[in-house]
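Residue numbers (this note's numbering): 5 to 294. Note that beta-carbon positions come from the ideal geometry of N, C-alpha and C, so glycine has one too. See below for the structure under consideration.
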Amino acid sequence: MIVAQRPLLPGLGTLEDSEQSAETADHAAARRQTLLGFAAAATIAVIWSGFNIVSRLGGRSELTGFDLGALRFGVSALILFAVFLRRPTAIPWQQLVLLSMFGGIGYSLMVYCGFTLAPAAHAGILVNGGIPFTTALVAWLLLGFRPNRGVLIAFSLTGLGIALMAIHSLTVPTATASRQWQGDILFLGGALCWGVFGVLLRMWRLRPLDAMAGLATVSALLYLPVYFLWLPTSMSTAPTAQIILQGGYHGIVVAICGGLLFTYAAQTIGPVKAALVLALVPGITAVAAV
Numbered sequence: 005m006i007v008a009q010r011p012l013l014p015g016l017g018t019l020e021d022s023e024q025s026a027e028t029a030d031h032a033a034a035r036r037q038t039l040l041g042f043a044a045a046a047t048i049a050v051i052w053s054g055f056n057i058v059s060r061l062g063g064r065s066e067l068t069g070f071d072l073g074a075l076r077f078g079v080s081a082l083i084l085f086a087v088f089l090r091r092p093t094a095i096p097w098q099q100l101v102l103l104s105m106f107g108g109i110g111y112s113l114m115v116y117c118g119f120t121l122a123p124a125a126h127a128g129i130l131v132n133g134g135i136p137f138t139t140a141l142v143a144w145l146l147l148g149f150r151p152n153r154g155v156l157i158a159f160s161l162t163g164l165g166i167a168l169m170a171i172h173s174l175t176v177p178t179a180t181a182s183r184q185w186q187g188d189i190l191f192l193g194g195a196l197c198w199g200v201f202g203v204l205l206r207m208w209r210l211r212p213l214d215a216m217a218g219l220a221t222v223s224a225l226l227y228l229p230v231y232f233l234w235l236p237t238s239m240s241t242a243p244t245a246q247i248i249l250q251g252g253y254h255g256i257v258v259a260i261c262g263g264l265l266f267t268y269a270a271q272t273i274g275p276v277k278a279a280l281v282l283a284l285v286p287g288i289t290a291v292a293a294v
């Protein structure tokens, strides 16, 4: 006669089943979060491709790079200021100032001014191709990041694209070579600023909405007084349609939507992986700019 074996302790089998179920649920949740992180990064690639084209249009208009920065910070702060007031101490002010100097003012002004000197295709490669390099460098210094073989291959391909773009900038006709070269330097400076910004977001583990509300508000507080008092502007002579386009895209689509998505991606899949997805931007920009 066969006798069914029972657990040595009452409820032991049920406990083991519960632990396995919880582990499976945690694994599924982590996998879902990772997929959402990559989806957010892919969406940013599309947004930033439009950013390159719209910024180039602004650079060719009467608007200066400083005007584009004012529109970005002014519109985003106007929308997110109420959110910031609900949790004004959620992020220490020292952190907010650093985020604003790198991810807000530093990145934006370098890239916007670069667009007045170099074409959108250069930004697609030097900014979005440079961001993975700078992010990995800063992550190595601050987080001890060590790239694996796949990441090194991606860096090598991106580096080749940056080198080819540099050769192109230095071999174009003399009348435009110096301007493009200066714009390319600004693009690389913007990539470095964003690399620092992404790593800081990962280090401090900030809520995306708190981070973006604080970034928009503090960037506006630091930049707009300087802009109104001392920086060159052509806002009064620019077409209204151009001002609405630049303010809406940079202030809402890029600063708010793109900023929230990048913050989420940096905290779920890490700043280096999020930055590597931005390597899609040059191709999307080149196709959309045709």
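Check each candidate in the options and name the one with the smallest Cα separation from residue i.
| i | options | result |
| --- | --- | --- |
| G255 | L72, L102 and L67 | L72 |
| A283 | T139, W144, W97 and T120 | T139 |
| L82 | G252, P275 and G262 | G252 |
| F88 | I260, P275 and G202 | I260 |
| L164 | L265, W97 and G134 | G134 |
| V285 | N132, L39 and P136 | N132 |
| I166 | G78, D188 and T175 | D188 |
| Q99 | T237, R209 and L280 | R209 |
| T162 | I129, R153, I171 and L192 | I129 |
| I109 | Y231, L264, A279 and L249 | Y231 |
| G199 | Y227, A279 and I171 | A279 |
Starting from the C-beta of residue i, find all residues in its chain whose C-beta is less than 6 Å away, skip the five residues before and the five after it, and write them out in chain order.
| i | result |
| --- | --- |
| Y268 | A44 and P212 |
| T84 | Before going further, note that residue 84 is Leu rather than Thr in the sequence given. Correct list, in chain order: A217 and A220. |
| V117 | This sequence places Cys at residue 117; Val is not what is there. So the list reads G69 and L190, once near-sequence residues are dropped. |
| Q186 | L121 |
| L205 | T267 and A270 |
| L146 | V203 |
| Q37 | T272 |
| F119 | S59, R60 and G63 |
Under three-state DSSP, which class holds residue i?
| i | result |
| --- | --- |
| G107 | helix |
| F88 | helix |
| P96 | coil |
| N152 | coil |
| I256 | helix |
| Q273 | First, the amino acid is wrong: residue 273 is Ile here, not Gln. Here I273 sits in coil by DSSP. |
| A242 | coil |
| T138 | helix |
| A32 | helix |
| G133 | coil |
| S112 | helix |
| P212 | helix |
| S53 | helix |
Sorted by chain position, which residues of the same chain lie with C-beta nearer than 7 Å to residue i's C-beta, five sequence neighbours on each side aside?
| i | result |
| --- | --- |
| F149 | A140, A143 and V276 |
| I51 | V257, V258, C261 and G262 |
| D214 | R91, A94 and I95 |
| A224 | F77, G78 and A81 |
| L196 | T138 |
| G305 | The chain is shown from 5 up to 294; residue 305 falls before or after that span and cannot be answered. |
| L226 | S104 and I109 |
| A49 | V281, L282, L284, V285 and I288 |
If residue i sits next to residue j, beta carbons under 8 Å apart, how far is it from one beta carbon to the other, in whole angstroms?
| i | j | result |
| --- | --- | --- |
| V222 | S104 | 4 Å |
| G54 | F201 | 20 Å between Cβ atoms; not a contact. |
| L75 | I247 | 7 Å |
| L265 | T47 | 6 Å |
Sorted by chain position, which residues of the same chain lie with C-beta nearer than 8 Å to residue i's C-beta, five sequence neighbours on each side aside?
| i | result |
| --- | --- |
| A242 | S65, E66, L67 and D71 |
| F159 | P136, F137, A140 and P151 |
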